[in-house]
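Structure (structure tokens):
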């Protein structure tokens, strides 16, 4: 402000000189105009300065309600990496890791907020954008939860309304979830809707996860959950006196350079002098002040990814709440936050105590034999794989942050069998697979990493490398790779081929498993997770090409009536992949009547398909003639409550 007043004085003197010393009226008139302009300009500048100060104060107040960047421990943020590592910074900056968590701003929010009205359980939510801010006029959930805690049920429409500013969002690839600030501290509470990016559609949060619709909507707190993996070095930091008041700090919002390379302060100090950097580069040395996962052994390298991509348990909860995870890249993850292995840790006190509180803890994350079944937990699968246990396979054997496309971060030249044949050099692929060399059946990962994991409204490849087994399918209910391509074949058919080709032990099967397609049985009788996997595979191009498309519609139509919203979503997407249904319209979050109507419409269209082979008894293509058996199987559906914790 002192410089501004000095400039004002200079301009003022310049304006007064022609007024008092100038010759002629024109000079004095010019001086008066100049003086008036200066006064108006200064007044406008003062008003603008006042407005900017006020805006800055409001911004500061808003930031106090959000988790704050910056914390002790040698973290300096990704901005400090950009100057020396521009390529690495650029490739990371375009990744979905960076945008996993963001502050709500016009450049980060992809959802529609302009005059949008949503409805959930009889309550209306009105969204709007105010300049660069995003707001929701909504029921006061803090008040409602307080009433519920006192045992009072609040009817829809009686909750007082409140205006909440959306401060943060998570996700930018498939969907965006939003968070608003709680009543105190910087606690972040989940907004009950998410925005599906591919569909450009708001949907209830519960209908974006595979979650029993009968379960109460959980109150999601970002500070206790998402902060673990969706930021860099998060610290929840609840108040000692009141655990509901948070002062959460993170090294950086989103998953940044230091999440994988460790705190960079010492590294920067060591390399601040450009001459030192030049000498070091040409000496081919290793900077021990920073971690490069590619230079670690395969176990420590994979643990860098595993700190987030794994189901882990926290031995020291209170310490974590205050300080965050103590693990740093290069250290041994098992010493701080061990990865949960259900078979190995079955007798651990932590597992037993957890199952007392939550009997579904394991079944909502793992198949019954301990294989992980939910997305984002790839390290669990890797650690159980023989290629990791007896070999040197690591995450970076196939994936790369800086040398890949953002979608799946599969490293260049690793989209085929390249990663496998580097070690398994002696295998002649076509002879080994008994499939044509260039077919989908000769891709190693289709047989050894099938899509038996669920998350993000789709099936995802298992990262536990194993071989197809009918015995395992019978015991666990997990579909095997053969029947996920050959959707029209029975388990008996698969068992016969595995015995003939690989000497597998024949399996004693039920009459149903001998008579009917394994996929058809799971679509009708399976639990919600199994139904979602089969629905996805019915839209998977390799499976459609091998198994045929024309028999799929009755199953997908049936799944449009499924009680689980995510099963309906996946089934609809697969249905629309069929030529006759590309323009089929159905709102998957609609009520039972609309679901029933969509199912009936599907059957009407299907009956008109020409050249329909009605002889395949394994898949009930003769639908009318086998209706009673279809209904009988449907009545046996596994309706156990599920909430897959992806």
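Residue numbers (the numbering used here): 91 to 736. Where is the CB? At the ideal position from N, CA and C, for every residue including glycine.
| Check | Outcome |
| --- | --- |
| Cβ neighbour criterion (16 or more within 10 Å) applied to residue 750 | Since the first and last residues shown for the chain are 91 and 736, residue 750 lies out of range. |
| Helix, strand or coil at residue 268 [DSSP, three-state] | strand |
| Test item: CB-CB of residue 489 and residue 499 under 8 Å | yes |
| Cβ of residue 406 within 8 Å of any chain B Cβ | Judged by its chain identifiers, the structure shown contains no chain B, having just a single protein chain. |
| First and last residue of the uninterrupted alpha helix (DSSP H) at residue 624 | 618-627 |
| Extent of the continuous beta strand (DSSP E) to which residue 278 belongs | 278-286 |
| Of the listed residues 493, 515, 516, nearest to residue 78 (C-alpha basis) | Coverage of the chain is limited to positions 91 through 736, which leaves residue 78 absent and any answer about it impossible. |
| Close-in-space but distant-in-sequence residues of the same chain around residue 553 (CB under 6 Å, 5 per side omitted) | 468, 471, 472 |
| Any non-hydrogen atom of the ligand GTP closer than 7 Å to residue 281 Cβ | Questions concerning the ligand GTP fall outside what the structure shown contains, since it holds no ligand whatsoever. |
| Cβ-Cβ separation, residue 354 to residue 171 (assumed contact under 8 Å), whole Å | 7 Å |
| Three-state secondary structure (DSSP) of residue 40 | Missing from the structure shown is residue 40; the chain here goes from 91 to 736 and no further. |
| Cβ neighbour criterion (16 or more within 10 Å) applied to residue 528 | exposed |
| Status (buried if at least 16 other CB within 10 Å, exposed otherwise) for residue 642 | buried |
| Exposure of residue 173, with buried meaning 16 or more beta-carbon neighbours within 10 Å | exposed |
| Beta-carbon contacts of residue 731 that lie in its chain and below 8 Å, excluding the five residues immediately before and after | 302, 304, 305, 450 |
| Contact belief for residue 588 with residue 633 at Cβ below 8 Å, rounded distance in angstroms | So it is not a contact: roughly 18 Å between Cβ atoms. |
| Sub-8 Å separation of residue 388 and residue 259 beta-carbons | no |
| Spatially closest choice to residue 656 from 621, 645, 672, by CA coordinates | 621 |
| Bridge partner(s) assigned by DSSP for residue 256 | 224, 270 |
| Cβ-Cβ distance between residue 280 and residue 267 below 8 Å | yes |
| Which listed residue (237, 256, 199) has its alpha carbon closest to that of residue 227 | 256 |
| Cβ neighbour criterion (16 or more within 10 Å) applied to residue 56 | With the chain covering 91 to 736 only, the question about residue 56 has no answer from this structure. |
| At least three beta-carbon pairs within less than 8 Å, the segment 416-434 to the segment 579-586 | no |
| Helix, strand or coil at residue 545 [DSSP, three-state] | strand |
| Three-way DSSP call (helix, strand, coil) for residue 461 in this model | coil |
| Test item: CB-CB of residue 225 and residue 249 under 8 Å | no |
| Same chain, Cβ closer than 8 Å to residue 445, five either side skipped, listed in chain order | 451, 452 |
| Under 8 Å between C-beta atoms of residue 191 and residue 491 | no |
| Backbone CA spacing between residue 672 and residue 201 [nearest angstrom] | 25 Å |
| Cβ-Cβ distance between residue 645 and residue 659 below 8 Å | no |
| Member of 412, 385, 414 whose CA lies at the smallest distance from the CA of residue 486 | 385 |
| Option nearest residue 246 by Cα separation, candidates 282, 261, 209 | 209 |
| Stretch-stretch touch, CB-based, cutoff 8 Å, three pairs: the segment 331-345 with the segment 358-367 | no |
| Coarse secondary structure for residue 630, derived from DSSP in three states | coil |
| Residue range of the beta strand (DSSP E) that includes residue 294 | 291-294 |
| Selected residue, minimal CA-CA separation from residue 244, among 286, 253, 701, 231 | 231 |
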